[in-house]
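Novice: Residue numbers (the working numbering), protein chains in the order written: chain B, 404 to 516; chain L, 4 to 219.
We put the beta carbon where it would ideally sit given N, CA and C, even for glycine.
If you're wondering where the values come from, they're calculated on a predicted model, not measured in any experiment.
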Amino acid sequence: MNAHEHAAEGSAPDVHELDHHLGDYKRIITILSVATLVEFGISYVISGGSLPLFAGILILVAIAFFKAILVAKFFMHLRYDARILAIIAATPLLLASFINVICCFDAIKGPSI
Amino acid sequence: MSQALSPTIDDLGQTEHSKRTLGFSPGKFAMWLFIAQDAMGFVGLLSAYIVIRSAHPGSEWIPTVGEYGWEGHQGLPPLAPVLTGINTFILIVSSFTMVLALDRIQRGNQAGLKLYLGLTALLGATFLGIQVYEYQHLMSEGMHMSAHPYAATFFLCTGFHGAHVFGGVIYLTIIWIRAMRGNFTAANHSPVELAGLFWHFVDLVWIILFTIIYLF
């Protein structure tokens, strides 16, 4: 039984489980900080013209989503909680991403607004 | 006999029954539903930003010359990614202090809960202060909602997020006041966890917004 299930049952959680989570939190804050610095570096490389804009955008967006997934999985506890909560979180984002891609194609191909 | 082993919803009440059978409280389920619909709002605004930007390629997007900006200025002012990067770091650290607050109350450490909850609210307020400073600077340089589609979508996306940070700081302050009154224990800390969920969502959204709006 994990720390959140303990809390859900109204009992004090296991200290070893909490220690394990605390180690995860420290690793994640380190990764998030380093990834933000890397994003800055890539941004400067793009503005200097050493990296094609499209490739730079793809890398930056990939890093941003990687950071967002880490926050959702570890800080928001989706890694430890019931799977249905992750499905609730992911479903509207998948639908919205699909609509977003369609709109982008339309904007690129269509007349300027 | 079986009724004694498996208590019914009438025996436990809806909240406790939900916790035991599903592994999460109705409050947590409701918070995730709220976050899901709120995320759709952000995606809508961000989509508008991306689509309008796609339709204005190159220098059309952020005009550096022309009629925009005040007299004597050339075009719209550039954003300050370094200042906003520091703000991003502040928000990421506030997420860390929030999980530390939850960790402390799960261990029954009341003092740790109060300290880290207070720090989280303070870091959120600092983020808002820097955002207000940035807005003042941009507006003094002639960047207003009506100046250009770029300015309109910039203020809408970052302003909508700023409103969430403002709401989050109020939410955290209320939870902090309740913590000061000793309302939470290791076995009963659900409101702290729910406030944390909202705060991490605000951080998560900013991670995406910062990259798309400020870094390219």
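(1) Going along chain B in order, which residues have a C-beta closer than 7 angstroms to the C-beta of SER222/L?
(2) Taking all protein chains shown into account, decide if ARG56/L is buried (16 or more other Cβ within 10 angstroms of its Cβ) or exposed.
(3) For ARG482/B, does the three-state DSSP call read helix, strand or coil?
(4) Have a look at ALA489/B, LEU440/B, LEU425/B, HIS419/B and flag the residue whose alpha-carbon is nearest the alpha-carbon of PHE92/L.
(5) If you run the structure through DSSP and keep just helix, strand and coil, what is MET101/L?
(6) Using a Cβ-Cβ cutoff of less than 8 angstroms, which residues in the same chain neighbour VAL195/L once the five nearest sequence positions on both sides are dropped?
(7) Grouping DSSP H, G and I as helix and E and B as strand, with all else coil, what is PRO84/L?
(8) Enumerate, from N- to C-terminal direction, the unbroken alpha helix (DSSP H) stretches of 4 or more residues contained entirely within the segment 434–470 of chain B.
(9) Residues of the segment 94–112 of chain L with a CB closer than 8 angstroms to any CB of chain B: list them in chain order, please.
(10) Indicate the three-state DSSP secondary structure (helix, strand or coil) for ALA494/B in the structure shown.
(11) Is the Cβ of ILE178/L closer than 9 angstroms to any Cβ of chain B?
(12) Classify LEU118/L as helix, strand or coil using the three-state DSSP reduction.
(13) Would you call the segment 26–45 of chain L and the segment 485–500 of chain B touching, i.e. three or more CB-CB distances under 8 angstroms?
(14) Should GLU442/B and LEU218/L be called a contact, given that it needs their Cβ atoms to be closer than 9 angstroms?
(15) If we define contact as Cβ-Cβ less than 9 angstroms, is PRO455/B a contact residue for chain L?
(16) Can you list, in chain order, the residues of its chain whose CB lies under 6 angstroms from that of PHE213/L, leaving out five sequence neighbours each side?
(17) My output table needs one value for PHE477/B: the three-state DSSP class, helix, strand or coil.
(18) If contacts are defined as beta-carbon pairs under 8 angstroms, then LEU473/B and ILE434/B qualify, I think. What distance do you get, rounded to the angstrom?
(19) Can you list, in chain order, the residues of its chain with a C-beta nearer than 8 angstroms to that of LEU49/L? Leave out the 5 residues immediately preceding and following it.
(20) If you run the structure through DSSP and keep just helix, strand and coil, what is GLN134/L?
(21) In the DSSP assignment, the alpha helix (DSSP H) including ASP41/L goes from what residue to what residue?
(22) Should GLY44/L be labelled buried (16 or more other beta-carbon atoms within 10 Å of its own) or exposed?
(23) Under 8 angstroms by Cβ, that's how I've got LEU141/L and ILE38/L pegged, so tell me the actual separation to the nearest angstrom.
(24) Span of the alpha helix (DSSP H) holding ALA182/L?
(25) Could you compute how far the alpha carbon of PHE457/B sits from the alpha carbon of ARG184/L?
(26) Check whether chain B comes within 9 angstroms of GLU196/L, counting only Cβ atoms and requiring the distance to be less than that.
(27) Using CA coordinates, which residue listed in PHE468/B, GLY426/B, GLY451/B, LEU454/B is at the minimum distance from ALA438/B?
(28) Using a Cβ-Cβ cut-off of less than 9 angstroms, give me the residues of the segment 121–151 of chain L that come near chain B, in sequence order.
(29) Helix or strand or just coil, what does DSSP make of ALA190/L?
(30) Would you call the segment 81–88 of chain L and the segment 147–155 of chain L in contact, with 3 or more CB pairs under 8 angstroms?
(31) Name the residues in the segment 22–35 of chain L whose C-beta lies less than 8 angstroms from a C-beta of chain B; which are they?
(32) Return helix, strand or coil for GLU144/L, following the three-state DSSP convention.
(33) Count the other CB atoms within 10 Å of the CB of THR494/B; is the residue buried (16 or more) or exposed (fewer)?
(34) By the 8 angstroms beta-carbon criterion, what residues does the segment 436–467 of chain B contribute toward chain D?
(35) Three-state secondary structure (DSSP) at GLY219/L?
Specialist: Walking through what the data contain:
(1) Here chain L covers residues 4 to 219 and nothing more, so residue 222/L does not appear.
(2) When all chains shown are included, ARG56/L counts as buried.
(3) Secondary structure of ARG482/B (DSSP, three-state): coil.
(4) Of ALA489/B, LEU440/B, LEU425/B, HIS419/B, the residue nearest in Cα terms is LEU440/B.
(5) The answer is helix: DSSP assigns MET101/L an H, G or I state.
(6) The residues are ALA104, LEU105, ILE108, LEU116, LEU120, ILE178, ALA182, PHE187.
(7) Note: PRO84/L maps to helix in three-state DSSP.
(8) The segment 434–470 of chain B contains no whole alpha helix (DSSP H) run of 4 or more residues.
(9) For the segment 94–112 of chain L, which is checked against every Cβ of chain B, the residues closer than 8 angstroms are ILE95, VAL96, SER98, PHE99, MET101, VAL102, LEU103, ASP106, GLN109, ARG110, GLY111.
(10) The identity of residue 494/B in the sequence shown is Thr, whereas the question assumes Ala. The three-state secondary structure of THR494/B, taken from DSSP, is helix.
(11) Any Cβ of chain B closer than 9 angstroms to the Cβ of ILE178/L would place that residue at the interface, and such an atom is absent.
(12) Looking at LEU118/L - three-state DSSP - the assignment turns out to be helix.
(13) Output reads yes: the segment 485–500 of chain B touches the segment 26–45 of chain L.
(14) Cβ distance < 9 angstroms, so GLU442/B and LEU218/L count as in contact.
(15) Closer than 9 angstroms: no.
(16) The beta carbon of PHE213/L sits closer than 6 angstroms to the beta carbons of THR91 from its chain, once the five residues preceding and following it are set aside; these are given in chain order.
(17) Helix at PHE477/B.
(18) Rounded, the Cβ-Cβ distance is 6 angstroms, consistent with contact.
(19) Closer than 8 angstroms at Cβ, skipping near neighbours: CYS160, ILE211, LEU212, ILE215.
(20) Note: GLN134/L maps to helix in three-state DSSP.
(21) Segment 29–58, the alpha helix (DSSP H) holding ASP41/L.
(22) Counting the other Cβ atoms within 10 Å of the Cβ of GLY44/L gives fewer than 16, which makes it exposed.
(23) The pair is not a contact, with the Cβ atoms about 29 angstroms apart (cut-off 8 angstroms).
(24) That run of the alpha helix (DSSP H) goes 152–183.
(25) For PHE457/B and ARG184/L, the distance between alpha carbons rounds to 53 angstroms.
(26) At least one chain B Cβ lies under 9 angstroms of GLU196/L.
(27) Out of PHE468/B, GLY426/B, GLY451/B, LEU454/B, PHE468/B has the C-alpha closest to the C-alpha of ALA438/B.
(28) Hits within the stretch: zero.
(29) Coil, per DSSP.
(30) Contact between the segment 81–88 of chain L and the segment 147–155 of chain L is absent: fewer than three C-beta pairs spanning the two stretches fall below 8 angstroms.
(31) For the segment 22–35 of chain L, the set of residues with a beta-carbon nearer than 8 angstroms to any beta-carbon of chain B comprises LYS22, ARG23, LEU25, GLY26, PHE27, SER28, LYS31, PHE32, TRP35, in chain order.
(32) Coil, per DSSP.
(33) When all chains shown are included, THR494/B counts as exposed.
(34) The question asks about chain D, but that chain is absent: this structure's protein chains are B and L.
(35) As written in the sequence, residue 219/L is Phe, which differs from the Gly given in the question. PHE219/L falls in the coil class under three-state DSSP.
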